[in-house]
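So the sequence shown is numbered by the working numbering: it starts at 642 and just counts up by one.
Don't be surprised by glycine CBs; every beta carbon is placed ideally from N, CA and C.
Computed from a predicted structure; not experimentally measured.
All remarks here apply to the structure that follows.
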Amino acid sequence: LAKSFFVGPKALSYSVYKAQCEAVRLFAFAGTVSILTLSLIISPPRSSYWLTWRPDRVVMSFFRSFGSEPSPFLKGKLPYDPNTPLLYTELSTTRSCYRPAKE
642 LAKSFFVGPK ALSYSVYKAQ CEAVRLFAFA GTVSILTLSL IISPPRSSYW LTWRPDRVVM
702 SFFRSFGSEP SPFLKGKLPY DPNTPLLYTE LSTTRSCYRP AKE
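Written out as structure tokens, the structure is:
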């Protein structure tokens, strides 16, 4: 079916010619992407950029980020009271944060 579409009768109008070109473009794109992907799998580049950002490392680091490392989010109440109204007043009036002296 595909062979008869590509080598079938000559295009009689521009719209038929355009449809044939669009069909060939789809197969050409798929073929090019397949060949380039296969080439990267068979013979990967030796650059440090590729060694750092190659697809398998990116996927592994993504899943590793959900591992057993400590969470950046709070797990409970803070051991001190952050005095939110004072912090808001300081930030909105002086654009700097009030830091009390260490005791």
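Once the 5 residues before and after residue i are set aside, which same chain residues still bring their CB inside 7 Å of it?
i: Glu663; result: none
Would residue i and residue j qualify as a contact pair, given that the criterion is a beta-carbon distance under 8 Å?
i: Trp694; j: Pro685; result: no
Could you spell out where the alpha helix (DSSP H) holding residue i opens and where it closes?
i: Lys659; result: Tyr655 to Ile683
i: Arg698; result: Pro696 to Arg705
i: Tyr721; result: Element bounds for Tyr721: n/a, residue is neither H nor E.
i: Ser733; result: Thr725 to Thr735
Quick one: Cα of residue i to Cα of residue j, how far?
i: Leu681; j: Ser675; result: 10 Å
i: Asp722; j: Phe707; result: 30 Å
i: Lys659; j: Leu677; result: 27 Å
i: Arg705; j: Ser656; result: 52 Å
i: Gly639; j: Phe703; result: With the chain covering only 642 through 744, there is no way to say anything about residue 639.
i: Arg687; j: Val665; result: 34 Å
Spatial neighbours of residue i within its chain, please: CB distance less than 6 Å, with the 5 preceding and 5 following residues excluded, ordered by chain position.
i: Lys718; result: none
i: Ala669; result: none
The ligand PLP heavy atoms versus the CB of residue i: any closer than 7 Å?
i: Thr734; result: Absent from the structure shown: the ligand PLP. Ligands present: none.
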